[in-house]
Each structure stands twice: as structure tokens, then as C-alpha cells.
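A.B. asks:
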Amino acid sequence: MMLRLSVNHDETSSDMDLITGESRDALKDVPFSAELAAFAESIAKRDEEDVLSIFRKSLAAASSQEVVVDAAAVAANFQRMVRIADSTGIPLDSPQRTFSEKVWNELKLDRMSRAHK
Amino acid sequence: MGDTFFDYAARDIEIRSDLAGCFNVYWRQLSAAGTWFTASERIAIAAESRAAFDCALCLRRKNALSPNSITGTHAAVTDLPPVVVEAIHKVITDQARITESYVTELRENGLSEAAYVELVGITVTVFSIDEFHRAMGLPLEALPEPSDTLSPSMYSPPQATHGTGFVAMLPSDGAVGNEGDLWINRTANVHRALSLVPNAVREWVAVMKAQYMSMTDIATMQQEFDRSLSRAQMEIVAARVSSYIDCFY
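Going down the list, the sequences are from chains C and P.
At position 19 of the first sequence (counting the first as 1) the number is 36 in the working numbering, and the numbers step up by one without a gap.
At position 75 of the second sequence (counting the first as 1) the number is 221 in the working numbering, and the numbers step up by one without a gap.
1) Compare the beta carbon distance of P/GLU287 and P/SER177 with 8 Å and say whether it is the shorter of the two.
2) Under a CB-based cut-off of 8 Å, is P/ASN335 close to chain B?
3) P/VAL353: which of C/ARG63, C/THR105, C/VAL68 and C/ASN94 sits nearest, CA to CA?
4) Express the C-alpha separation of C/SER50 and P/ALA314 in angstroms, rounding to a whole number.
5) From what residue to what residue does the alpha helix (DSSP H) around P/HIS235 run?
6) Can you tell me where the alpha helix (DSSP H) with P/TRP350 in it begins and where it stops?
7) Suppose you measure from the CA of P/CYS168 to the CA of P/LYS355; what does that come to, to the nearest Å?
8) Hey, out of P/ASP158, P/VAL171, P/ILE159 and P/VAL336, whose CA is closest to P/THR150's CA?
9) By how many angstroms is the C-alpha of C/ASP87 removed from the C-alpha of P/ILE159?
10) Where do the ends of the alpha helix (DSSP H) carrying P/THR271 lie?
11) Going by DSSP in three states, P/THR224 sits in which element: helix, strand or coil?
12) From the DSSP secondary-structure annotation, give me the bridge partner or partners of P/THR307.
13) Report the neighbours of P/GLY311 on chain C: residues whose CB is nearer than 8 Å to its CB, in chain order.
14) Considering only residues of the same chain and omitting the five flanking positions on each side of P/VAL387, which have a CB-CB separation below 8 Å?
15) Classify P/ALA384 as buried or exposed, calling it buried when 16 or more other Cβ atoms lie within 10 Å of its own Cβ.
16) List, in order along the chain, the chain C residues whose C-beta lies closer than 8 Å to that of P/TRP350?
17) Less than 8 Å between CB atoms is the rule here; does P/ARG253 satisfy it with respect to chain C?
18) Does the contact criterion of 3 or more C-beta pairs under 8 Å hold for the segment 326-334 of chain P versus the segment 63-71 of chain C?
19) Measuring CA to CA, which of P/ILE191, P/ASN209 and P/GLU246 is closest to P/PRO228?
20) In this structure, does DSSP put P/SER186 in helix, strand or coil?
21) Quick check: the Cα distance between P/PHE312 and P/GLY326, rounded to an integer number of angstroms?
22) C/SER70 versus chain P: which residues are under 8 Å apart at the beta carbon?
23) How many angstroms separate the CA atom of P/ALA202 from the CA atom of P/LEU328?
24) From the DSSP output, in three-state form, read off C/LYS74 for me.
25) Taking buried to mean at least 16 other C-beta atoms within 10 Å of its own C-beta, is P/MET282 buried or exposed?
26) Looking at chain P, which residues of the segment 45-65 of chain C have a Cβ within less than 8 Å of any of its Cβ atoms?
27) Are there 16 or more other CB atoms within 10 angstroms of the CB of P/THR400, so buried, or fewer, so exposed?
28) So that I know if they touch, is there some Cβ in chain P lying closer than 8 Å to that of C/ALA79?
29) Note down the Cα distance separating P/ALA210 from P/GLY323, rounded to an integer number of angstroms.
30) So what's P/THR219 in DSSP terms, helix, strand or just coil?
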């Protein structure tokens with residue numbers, strides 16, 4: 018949801034398929050979007066270092082060491098955030114809930130059996 | 147304990163100094179007595195969080211349709227009580243299937259709701275620092291030694307109430323009195339989630355500010371940061387991680 022708000026704020030076109038990993042070409046207007054998504058996915062999948070390092074180097078080659086550091090930090094942050102949310106069972110906040118319905122439908126999250134609103 | 151940890155310069159790797167700084171602050175907090183756990187216990191929780199992915203029982207449960215049908219013993223690396231080990235490993239390896247009845251069961255087995263909240267705070271904050279190291283191809287930082295032998299404070303904010311999630315938390319407008327520094331006016335549920343243990347919120351929010359952005363920047367849709375990534379780029383990473391581990395909060 019924050020991605021949609023961010024790209025709208027920038028007047029950049031958005032394709033929510035990038036979130037679900039179904040389109041590496043989505044968000045073409047955002048620099049290094051494909052490399053960032055691939056690196057993030059490798060972190061989330063807990064790939065071994067020999068695989069993870071490929072995506073880290075790919076991102077570094079496309080951008081810079083600073084980008085790699087910042088991307089690693091954001092990915093690590095959300096490994097924590099999702100666990101806080103799930104461990105405490107918090108619901109979506111009210112303004113978020115209305116907006117999430119639209120994003121939910123666009124991402125076709127109903128097909129994911131473990132997804133919960 | 148000085149800033150003797152997270153010395154990235156000594157490893158000849160360029161990493162923002164605010165990241166090393168906040169990690170050092172957190173390591174110092176981790177090494178001291180908390181609200182419901184002693185310093186030794188807090189560090190043991192951190193150690194146990196690192197062992198969770200190597201636990202055969204957790205792996206079998208993760209792959210099972212009904213994790214509760216899988217019995218056995220966790221591959222613990224500490225002498226923490228089994229119910230504490232169970233909670234730590236679950237938060238790390240299978241958090242998407244934590245339910246209110248699961249938290250109730252922990253309580254019935256001796257892990258109080260407030261202690262569970264502190265446990266979650268330690269587990270996830272250490273995990274996020276460890277994940278940063280793993281993402282960067284760095285070895286995990288050595289855990290600190292206990293810095294005191296004090297008893298936990300057992301502080302409980304009087305305004306915490308049930309009704310939002312599995313545990314009691316401050317109302318959205320409940321950051322008052324001793325908790326007046328937690329947020330201004332109202333805030334999001336994720337910010338409130340661990341507020342039954344106010345220091346747990348203070349600790350993870352400080353780490354988040356360096357790893358991602360401040361709660362204020364999130365709320366105001368701040369677009370300009372002292373970072374190499376734009377807000378949209380950050381959210382691509384955040385969305386990809388959250389999606390992969392089944393969190394649609």
C-alpha cells in the first residue's frame with residue numbers, strides 16, 4: 018500500500034504485479050526496480066550466500082554500494098515489521114482498510130490461501 | 147559497554163554510521179535488565195532467535211498443514227523454559243500462523259502476555275539486525291555479555307487495554323504520562339502493537355529509523371531522505387519482502 022502511495026505521489030506509473038513477483042518489468046520508471054525486487058526476494062527467501070551474493074552484486078553493478086546498504090536495511094526492517102504485526106494480531110488501521118480493499122483486489126490476493134485481511 | 151560492536155570500518159565495508167550507531171545502542175539495551183526478563187534472559191532470547199532456523203521441529207511444523215499436529219522438542223541452544231523457546235522459534239519461523247488461541251496457550255503454559263510482548267520485541271529486533279548482516283554477506287555480530295544482574299522492572303502501563311490484537315496495548319491516543327514520548331496524538335496499530343512493554347517500542351522504533359525511516363516520515367509520506375533510495379524504491383523492497391512472507395498488513 019505504501020508503494021502505491023509513493024508512486025502516486027511521484028506521478029510514476031505503478032504495476033502492482035512487481036509486488037507479487039509476477040513482473041520484473043513493472044515500475045520501469047523507478048530506477049533499479051527489478052534489481053531491488055530481486056535482491057529483496059532473495060533476502061526474504063533466505064537464499065544461501067552463494068545465491069544471495071549474485072543479486073547483491075547485480076544491484077551494486079546497476080546502482081552503488083550505498084543503494085545495496087539501504088536496500089538491505091529496508092529488507093531487514095520489514096522482516097521485523099511483519100513479525101510484529103503477525104505476532105500481535107493487529108488489524109489494518111481504519112483508513113488503511115478502505116485503501117487496502119482496492120490493492121487487495123488488484124494483487125488478486127484472494128488466490129493466496131494464507132493471506133488474511 | 148562502549149561502541150565496540152558493529153565496527154564495519156574494521157571490516158573494510160562502507161555502511162552508514164547511523165546504522166552501526168543504532169545497532170550499538172540496541173546491543174547495550176539488550177545487555178541490560180528489561181521489563182519482564184533479566185539481562186541474561188534477554189541475551190538468551192537473542193541467542194535462541196538465531197537457532198530457530200536450524201530447529202528440525204520448526205522445519206517440520208513449517209511444512210505441515212497443521213503445525214499443532216507435529217510434536218517433538220525444539221533444538222534449543224539455551225536453558226530458557228520450553229514455552230519461551232517455543233514462542234521465539236514460532237515468531238522467527240512461522241509467524242504467519244500465530245493466532246490468539248496460540249498466545250492464550252502460551253499464557254496457560256506460563257508465559258505471561260507482557261513477557262510474550264517483550265520476547266517478541268527482542269526476537270524481532272535482533273532478527274532484523276541479523277538479517278541486515280546476512281543481506282550484506284556479513285557474519286552475525288557477537289552477542290553482548292549481560293551488563294547487570296538487576297531484576298526486571300515489571301512495569302506495566304496502566305492505560306493498556308485489550309481489543310485491538312492478541313495482546314493488550316495502549317489506545318491510539320494513549321501515549322500519555324510515562325508513555326508520552328512514544329508517539330504524538332494518535333498512531334498506527336503496528337506502532338501500538340508492543341506498547342504493553344513501552345521500552346520494546348522505544349527499542350525497535352529507534353532501529354527502524356535507521357533501517358527504514360521514522361514513524362513521522364511514514365505518516366507524512368515523506369519523499370526526501372538522507373538515503374540513496376527514493377521512497378518508491380524503499381517501498382518496492384518492503385512490499386517484496388512482506389509479500390513473500392505472507393504479510394499483507
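A virtual CB, placed ideally from N, CA and C, is assigned to each residue, including glycine.
Values in this document were obtained by computation on a predicted structure and should not be read as measured data.
C.D. replies: According to the structure shown:
1) For the 8 Å CB-CB criterion, P/GLU287 and P/SER177 do not form a contact.
2) This model lacks chain B altogether; the protein chains it does include are C and P.
3) Nearest C-alpha to P/VAL353: C/ASN94.
4) Distance between the alpha carbons of P/ALA314 and C/SER50 is about 39 Å.
5) In the DSSP assignment, P/HIS235 falls within the unbroken alpha helix (DSSP H) covering 228-239.
6) Per DSSP, the continuous alpha helix (DSSP H) segment holding P/TRP350 begins and ends at 344-357.
7) Straight-line Cα distance between these residues: approximately 9 Å.
8) Nearest of P/ASP158, P/VAL171, P/ILE159 and P/VAL336 to P/THR150, Cα basis: P/VAL171.
9) Approximately 14 Å, taken between the alpha carbons.
10) From DSSP, the alpha helix (DSSP H) with P/THR271 extends over 259-281.
11) Shown here, P/THR224 sits in coil according to DSSP, grouped into three states, outside any helix or strand.
12) According to DSSP, which records beta bridges pairwise, P/THR307 is partnered with P/MET315.
13) Result: THR105, GLY106, ILE107 and PRO108.
14) Taken in chain order, the list of residues that qualify is empty.
15) Under this definition P/ALA384 is a buried residue.
16) Simply ARG97 and ILE101.
17) It does not; no Cβ of chain C falls within 8 Å.
18) Under the Cβ criterion (8 Å, minimum of three pairs), the segment 326-334 of chain P does not count as touching the segment 63-71 of chain C.
19) Checking every option, the nearest Cα to that of P/PRO228 belongs to P/ILE191.
20) In the structure shown, P/SER186 sits in a helix (DSSP, three-state: H, G or I).
21) The C-alpha of P/GLY326 is placed about 23 Å away from the C-alpha of P/PHE312.
22) Correct list: GLY283.
23) Cα-Cα distance, rounded: 39 Å.
24) It is helical.
25) P/MET282 should be labelled buried.
26) Shown in chain order are the members of the segment 45-65 of chain C whose Cβ falls below 8 Å from a Cβ of chain P: VAL47, PRO48, PHE49, SER50, LEU53, ALA54, PHE56, ALA57, GLU58, ILE60, ALA61, LYS62 and ARG63.
27) Summary: the structure shown does not reach residue 400 of chain P, with chain P confined to residues 147 through 395, and so no result is reported for it.
28) False, the Cβ-Cβ gap to chain P never drops below 8 Å.
29) Taking the straight line joining both Cα atoms gives about 46 Å.
30) In this structure, P/THR219 counts as coil in the three-state DSSP scheme.
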